[in-house]
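Read top to bottom, the protein sequences are chains Z and D. Following full-length UniProt numbering, the numbering of the first sequence begins with 1 at its first residue and continues without gaps. Following full-length UniProt numbering, the numbering of the second sequence begins with 1 at its first residue and continues without gaps. Built from N, CA and C at the ideal position, the CB exists for glycine as well.
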Amino acid sequence: MQRHLISAADLTRDDAVLVLDTAEEMSRVADRPIKKLPTLRGRTVVNLFFEDSTRTRISFEAAEKRLSADVINFTAKGSSVSKGESLKDTAQTLEAMGVDAVVIRHHASGAPYRLANSGWIDAAVINAGDGTHQHPTQALLDAFTMRRRLVGRDAGLGQDLTGRRITIVGDVLHSRVARSNVDLLHTLGADVVLVAPPTLLPVGVGSWPCEVAYDLDGVLPKSDAVMMLRVQRERMNAAFFPTEREYARRYGLNGDRMAKMPEHAVVMHPGPMVRGMEITAEVADSDRCTVVEQVSNGVSIRMAVLYLLLGGNEPAAPHTRPASHPAGETAAHTPDAAEEK
Amino acid sequence: MSKTLIRGAKVLGGEPGDVLIAGETIEAVGTGLSAEGAETVEAAGKVLLPGLVDLHTHLREPGREDSETVLTGTRAAALGGYTAVHAMANTFPVADTAGVVEQVWRLGREYGYCDVQPVGAVTVGLKGAKLAELGAMHDSAAGVTVFSDDGKCVDDAVIMRRALEYVKAFDGVVAQHAQEPRLTEGAQMNEGVVSAELGLGGWPAVAEESIIARDVLLAAHVGSRVHICHLSTAGSVEIVRWAKSKGWNVTAEVTPHHLLLTDDLVRSYNPVYKVNPPLRTATDVMALREALADGTIDCVATDHAPHPHEDKDCEWAAAAMGMVGLETALSVVQETMVDSGLLDWAGVADRMAYRPAAIGRLRGHGRPVAAGEPANLTLVETGYRAPVDPAGFASRSRNTPYEGRELPGRVTHTWLRGRATVVEGKLA
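Here is the structure:
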């Protein structure tokens with residue numbers, strides 16, 4: 001693993017599978033009465049959020065707390081950032097307080113990359129979503145969800161998504177989720193099809209490792225998972241599509257369309273959903289829809305990423321039973337060994 | 001009268017010869033000229049060019065003296081081999097009145113490093129709505145003939161038409177910053193493969209090309225002169241080539257950075273590569289080089305755009321657009337055009353001195369290296385090669401995309417009307 005997690009494209013196949021496997025271990029912690037590991041005790045993680053995102057922030061916070069890290073939440077609103085302080089100064093100020101990792105959400109594409117590569121700070125940087133660029137932990141939790149559903153919880157360990165057919169539908173142009181998913185799913189061996197009105201696909205999409213289609217109905221019967229992206233109503237005003245109704249008719253997922261999918265295929269959504277726009281209530285509430293599962297998987301994935309970036313060379317809890325679990329032994333990586341006593 | 005003998009220089013890259021400067025003019029050009037009573041500059045192996053002329057410089061004064069002043073900017077120009085620069089109008093206040101252009105012009109004369117020819121704004125406050133007093137600026141001591149809202153496009157077709165018509169009265173030229181505003185809302189970089197990957201707002205080539213197409217047609221319709229600033233795409237080259245083939249009065253410039261750099265560099269998210277128009281693709285770069293070589297593009301203009309450190313030491317979206325260029329322009333042209341075999345030194349003199357001076361109707365600059373001409377000269381050590389070190393810049397700003405990049409050529413001497421402004425690579 002690299003020191004930072006900026007882009008899903010930076011992950012090799014083995015890196016990604018390691019994160020997914022580690023997340024499976026972490027997920028077992030959530031099933032226990034005490035959902036906590038001591039792994040990051042004494043380490044400080046700041047959630048540096050320049051953009052409103054309660055869900056992602058809470059998910060990271062839950063992951064950090066389950067790993068026993070000290071957590072600082074920093075939101076730009078009402079802070080010195082709104083008084084004109086630069087990203088560099090904000091980051092340096094936080095690091096001066098002894099921060100080991102920065103989880104950053106920023107409206108500007110590339111801000112996490114700059115933070116990690118400009119020599120401003122030494123802390124590990126985890127991208128929690130930057131502009132319309134990347135959202136790597138979202139892609140990882142999506143891949144985790146797919147592997148569980150399509151391969152199996154135990155059967156999936158060590159496996160990738162070779163040969164699975166994943167369809168991503170909606171506002172690809174403005175979506176960091178789509179970019180991250182295309183990169184990661186390709187790395188994991190899946191075949192990705194993007195479906196969107198041509199106005200919501202970026203010029204240059206032809207160079208991405210995926211196919212592009214404009215007709216959703218033609219793609220659904222060949223899909224193992226269909227990921228619906230949120231479409232903001234405001235896009236209508238910028239002439240990306242004529243009306244909400246037309247969008248929903250051509251690209252929305254309703255019960256009739258869902259029936260065209262193979263039996264085993266799942267419906268995914270990164271949230272928040274716009275019901276009635278890209279997805280009907282019937283589909284959103286069906287048991288084929290993994291949206292709630294994705295949220296809980298998000299905590300496991302973020303625990304895995306934090307663990308691998310901040311403590312990955314040590315067993316999850318070396319000091320709990322050091323004598324019986326020397327570092328490097330695989331047993332030390334299992335949740336049983338890692339569980340805080 | 002002080003005399004200087006430049007001995008053994010390859011004039012315009014030709015056979016070695018001597019050039020004798022007497023006072024403000026070139027007294028003689030030949031071989032074996034007498035050094036009697038003259039200071040001698042040994043120039044064996046070096047290339048002597050006419051003093052370079054920049055059609056597109058941002059000196060930032062008045063208003064943004066934290067990034068550049070007329071003094072620091074003209075010192076940078078002299079070090080880059082320039083003897084005249086056109087100072088763009090987007091200052092604070094905007095150079096849209098006779099008062100502002102005269103002030104900038106006078107400062108250039110006072111400091112004496114490089115002549116400063118102000119460019120006047122086309123519209124009041126660069127707002128694109130109401131013509132500035134173009135005639136008053138022309139009639140002022142600054143004698144403005146080039147008008148531009150550079151930084152902003154004169155996108156209203158009627159305003160552009162009127163401006164083109166109006167400046168005919170005094171042989172002026174409108175220099176258009178070709179950027180269709182609606183197509184470039186939120187634009188951060190060239191729209192294409194790299195922008196799709198990076199998730200940065202795209203600046204499509206068509207936003208430049210559609211304005212150029214409209215403006216060459218307008219210029220033809222009203223029989224006026226139009227000049228295209230910082231042309232950056234292969235498609236723009238085709239349109240200008242077509243317009244010239246019709247005999248229309250269209251000229252165009254290209255920046256050094258568009259001759260060398262491509263949008264791949266944006267993958268670093270380093271705002272030092274953020275510029276407007278944006279860095280384009282390798283295909284565009286090759287088309288621009290060929291167009292400069294065959295004369296479709298008339299000249300090289302720096303678009304020297306200084307910015308303070310904090311405006312580049314930040315995330316991409318928050319960063320200012322622009323690069324400094326005066327002190328590296330000739331090196332980049334040598335690298336991309338001369339060393340690649342596309343242009344000889346006579347061609348460089350044409351594209352960096354004769355033609356820009358002719359487009360700006362600038363008297364006393366862009367003249368041949370010949371007896372009786374003003375002694376505006378630049379001596380270049382073409383065999384020199386070194387990494388660019390911005391610490392040595394005279395410019396107040398350091399936002400160069402070439403830091404650490406090895407480039408050829410070094411200006412060792414510059415003379416402005418017979419007076420050395422640069423000696424042995426240092427300000428005189």
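Collapsed DSSP secondary structure at residue i in the structure displayed
{"i": "D/Trp345", "result": "helix"}
{"i": "residue 464 of chain D", "result": "There is simply no residue 464 of chain D to check, as chain D begins at 1 and stops at 428 in what is shown."}
{"i": "D/Lys10", "result": "strand"}
{"i": "Z/Ile104", "result": "strand"}
{"i": "D/Val388", "result": "strand"}
{"i": "D/Val144", "result": "coil"}
{"i": "Z/Asp160", "result": "coil"}
{"i": "Z/Gln2", "result": "coil"}
{"i": "D/Ile26", "result": "strand"}
{"i": "D/Leu259", "result": "helix"}
{"i": "D/Leu279", "result": "coil"}
{"i": "residue 429 of chain D", "result": "One cannot answer for residue 429 of chain D here, as it falls past the ends of chain D, which runs 1 to 428."}
{"i": "D/Pro50", "result": "strand"}
{"i": "D/Trp242", "result": "helix"}
{"i": "Z/Gln134", "result": "strand"}
{"i": "D/Gln117", "result": "strand"}
{"i": "Z/Ala284", "result": "helix"}
{"i": "D/Lys127", "result": "coil"}
{"i": "D/Ile159", "result": "helix"}
Inter-residue Cα distance where the pair is residue i and residue j
{"i": "D/Glu110", "j": "D/Thr74", "result": "11 Å"}
{"i": "Z/Arg250", "j": "D/Lys168", "result": "55 Å"}
{"i": "Z/Tyr214", "j": "Z/Arg257", "result": "15 Å"}
{"i": "D/Met321", "j": "D/Leu198", "result": "18 Å"}
{"i": "Z/Leu184", "j": "Z/Ala225", "result": "15 Å"}
{"i": "Z/Thr320", "j": "Z/Leu141", "result": "No answer about Z/Thr320 holds up, because its pLDDT of 38 lies below 50 and its placement is not dependable."}
{"i": "D/Gly383", "j": "D/Gly45", "result": "8 Å"}
{"i": "Z/Ala316", "j": "Z/Leu67", "result": "Note that Z/Ala316 scores a pLDDT of 46, beneath 50, so its modelled location is shaky; the value from the coordinates is reported in the next line. Approximately 9 Å, taken between the alpha carbons."}
{"i": "Z/Gly131", "j": "Z/Arg235", "result": "16 Å"}
{"i": "Z/Arg153", "j": "Z/Asp15", "result": "18 Å"}
{"i": "D/Leu279", "j": "Z/Pro262", "result": "46 Å"}
{"i": "D/Ala353", "j": "Z/Ala108", "result": "41 Å"}
{"i": "D/Trp345", "j": "D/Thr255", "result": "18 Å"}
{"i": "Z/Ser86", "j": "D/Cys314", "result": "7 Å"}
{"i": "D/Glu61", "j": "D/Gln176", "result": "21 Å"}
{"i": "D/Asp339", "j": "Z/Gln92", "result": "45 Å"}
{"i": "Z/Arg230", "j": "Z/Tyr113", "result": "25 Å"}
{"i": "D/Asn270", "j": "Z/Thr187", "result": "27 Å"}
{"i": "Z/Glu61", "j": "Z/Val305", "result": "13 Å"}
{"i": "D/Arg367", "j": "D/Leu407", "result": "27 Å"}
{"i": "D/Ala329", "j": "D/Asn376", "result": "18 Å"}
{"i": "D/Leu427", "j": "D/Asp115", "result": "15 Å"}
{"i": "D/Ala220", "j": "D/Gly135", "result": "22 Å"}
Contacts around residue i, its chain only, beta-carbon distance under 6 Å, and the 5 residues preceding and following it disregarded
{"i": "D/Val11", "result": "Gly17, Leu48 and Val369"}
{"i": "Z/Met26", "result": "Ser300, Met303 and Ala304"}
Nonlocal neighbours in the same chain, by C-beta distance under 7 Å from residue i, ignoring five residues either side
{"i": "D/Thr296", "result": "Val237, Val240, Arg241 and Lys244"}
{"i": "D/Lys130", "result": "Thr123 and Val124"}
{"i": "D/Glu209", "result": "Thr233, Gly235, Ser236 and Ile239"}
{"i": "D/Ser140", "result": "Ala98, Val101 and Glu102"}
Cβ neighbours of residue i in the same chain (closer than 8 Å, five flanking residues each side left out)
{"i": "D/Trp248", "result": "Val216, Ala219 and Ala220"}
Residues from the region 259-270 of chain D in contact with chain Z, defined by Cβ distance under 7 Å: Tyr269
Positions along the region 189-204 of chain D whose CB lies within less than 9 Å of some CB in chain Z: Glu191, Gly192, Val193, Val194, Ser195, Ala196, Glu197, Leu198, Gly199, Leu200, Gly201, Gly202 and Pro204
Complete runs of the beta strand (DSSP E) confined to the region 199-257 of chain Z [at least 3 residues]: 211-213 and 225-228
Contact residues within the region 93-109 of chain Z, judged by C-beta distance below 8 Å to chain D: His106, His107, Ala108 and Ser109
Beta strand (DSSP E) runs wholly inside the region 11-98 of chain Z, at least 3 long, in chain order: 44-49 and 70-75
Whole alpha helix (DSSP H) elements within the region 302-375 of chain D, 4-residue minimum: 329-333, 345-349 and 355-359
Interfacial residues, the region 315-328 of chain D to chain Z, with Cβ spacing under 8 Å: Glu315, Trp316, Ala317 and Ala318
Under 8 Å (Cβ pairs) to chain Z, residues found in the region 285-311 of chain D: Taking 8 Å as the Cβ-Cβ cut-off, the region 285-311 of chain D approaches chain Z at Glu310, given in chain order.
Members of the region 54-88 of chain Z near chain D, C-beta cut-off 9 Å: Within the region 54-88 of chain Z, the qualifying residues are Ser86, Leu87 and Lys88.
Proximal residues, the region 113-132 of chain Z versus chain D, C-beta separation under 7 Å: Listed by position along the chain: Tyr113, Arg114, Gly131 and Thr132.
Residues within the region 196-207 of chain Z neighbouring chain D, beta-carbon criterion of under 7 Å: For the region 196-207 of chain Z, residues whose beta-carbon sits nearer than 7 Å to a beta-carbon of chain D comprise Pro202, Val203, Gly204, Val205 and Ser207.
Interfacial residues, the region 177-197 of chain Z to chain D, with Cβ spacing under 8 Å: Those residues of the region 177-197 of chain Z that come within reach of chain D (Cβ to Cβ, closer than 8 Å) are Arg179.
Residues within the region 81-102 of chain D neighbouring chain Z, beta-carbon criterion of under 7 Å: Interface annotation for the region 81-102 of chain D against chain Z: empty, criterion Cβ-Cβ distance under 7 Å.
Interface residues of the region 279-296 of chain Z facing chain D [CB-CB below 8 Å]: none
Alpha helix (DSSP H) segments (min. 4 residues) lying fully within the region 263-307 of chain Z: 281-284
Residues in the region 332-361 of chain D having any Cβ partner in chain Z nearer than 8 Å: none
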